[in-house]
Amino acid sequence: MVNNIFSKNVIFFDTEFSSLDINKGEILSLGLVKLNGQELYLELDYEGEVDEWPKKNILPHLNKEKVSRDVAIKMIKQFIGNKKPYVVAYVNQFDMVYFYKLFGLDNFNKKFNWIPIDFASMLFSHGINPDVLVNWDKDFLSNLKIDTAGLKQHNALDDAKLLREVFQKCEYVKRGNMGVYSRKFKRGKVG
Numbered sequence: 001m002v003n004n005i006f007s008k009n010v011i012f013f014d015t016e017f018s019s020l021d022i023n024k025g026e027i028l029s030l031g032l033v034k035l036n037g038q039e040l041y042l043e044l045d046y047e048g049e050v051d052e053w054p055k056k057n058i059l060p061h062l063n064k065e066k067v068s069r070d071v072a073i074k075m076i077k078q079f080i081g082n083k084k085p086y087v088v089a090y091v092n093q094f095d096m097v098y099f100y101k102l103f104g105l106d107n108f109n110k111k112f113n114w115i116p117i118d119f120a121s122m123l124f125s126h127g128i129n130p131d132v133l134v135n136w137d138k139d140f141l142s143n144l145k146i147d148t149a150g151l152k153q154h155n156a157l158d159d160a161k162l163l164r165e166v167f168q169k170c171e172y173v174k175r176g177n178m179g180v181y182s183r184k185f186k187r188g189k190v191g
């Protein structure tokens, strides 16, 4: 259980999007997971251009009913309720830009805390190489006793679930209970 954090009103999230070019790309799917484990996964209607990487690695796995942007916004608002949660994403620059594009900046700030939390920075502050989650480093996750069986990398919901799991384990590490796991992954190369 996570006890020593600034706020428990946290939502871990991930998006998969059509392009790294934020001027033309859009969200294809998004996953939201609350600290208590409640989750929401949405795939959005999108008929526009898709870059090669998401075409090969994301589109083949999008098999849920697609929702419009308006429906997605309503479902997200219902999921988060009346509180303004902090949103946590891994290397959040792209996720946040696309989330802002979905909601609109003014609308976003009415529903969420205006300060997004970057998970890579959190790892860094724990003395852990932030690269360990780029490709779901097996040694790192195994040392934290996180089982990724049943999770698929680059699935927005599974990526958000993994963030929550690693966050909870890192909070445990922060309290000094599993220091050996953070030391192994410090600075530079993993291992």
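Residue numbers (full-length UniProt numbering): 1 to 191.
Positions of the beta carbon are idealized from the N, C-alpha and C atoms, including for glycine.
Counterpart residues of residue i in DSSP-defined beta bridges
i: Asp14; result: Gly31
i: Glu39; result: Val33
DSSP-derived helix/strand/coil call for residue i
i: Met178; result: Only weak support exists for where Met178 lies, its pLDDT of 43 falling under 50; the coordinates are left without a value.
i: Ile117; result: strand
i: Lys110; result: helix
i: Val88; result: strand
i: Lys64; result: coil
i: Leu44; result: strand
i: Lys184; result: Interpretation of Lys184 is limited by its pLDDT of 48, a score under 50 that renders its predicted location unreliable; no figure is taken from the coordinates.
i: residue 192; result: It is not possible to answer for residue 192, since the shown part of the chain is limited to 1 through 191.
i: Glu26; result: coil
i: Glu165; result: helix
Spatial neighbours of residue i in its chain, beta-carbon cut-off 6 Å, leaving aside the 5 residues before and after
i: Glu165; result: Ile146
i: Leu30; result: Thr15, Leu42 and Ala156
Rounded Cβ spacing between residue i and residue j (contact assumed at less than 8 Å)
i: Phe13; j: Ala160; result: 5 Å
i: Glu16; j: Ile58; result: 5 Å
i: Leu32; j: Phe79; result: 6 Å
i: Leu44; j: Lys66; result: 6 Å
i: Leu62; j: Leu28; result: 6 Å
i: Phe94; j: Leu20; result: 7 Å
8 Å CB neighbourhood of residue i in its chain, flanking five on each side removed
i: Gly37; result: Arg164
Check: residue i C-beta below 6 Å from any heavy atom of the ligand GDP
i: Leu32; result: Absent from the structure shown: the ligand GDP. Ligands present: none.
Unbroken alpha helix (DSSP H) run spanning residue i, endpoints
i: Lys53; result: Sequence inspection shows Trp at residue 53; the Lys mentioned does not correspond to that position. First-last of the alpha helix (DSSP H) with Trp53: Glu52 to Asn57.
i: Ile73; result: Arg69 to Ile80
i: Asp139; result: Lys138 to Asn143
i: Gln93; result: Gln93 to Phe103
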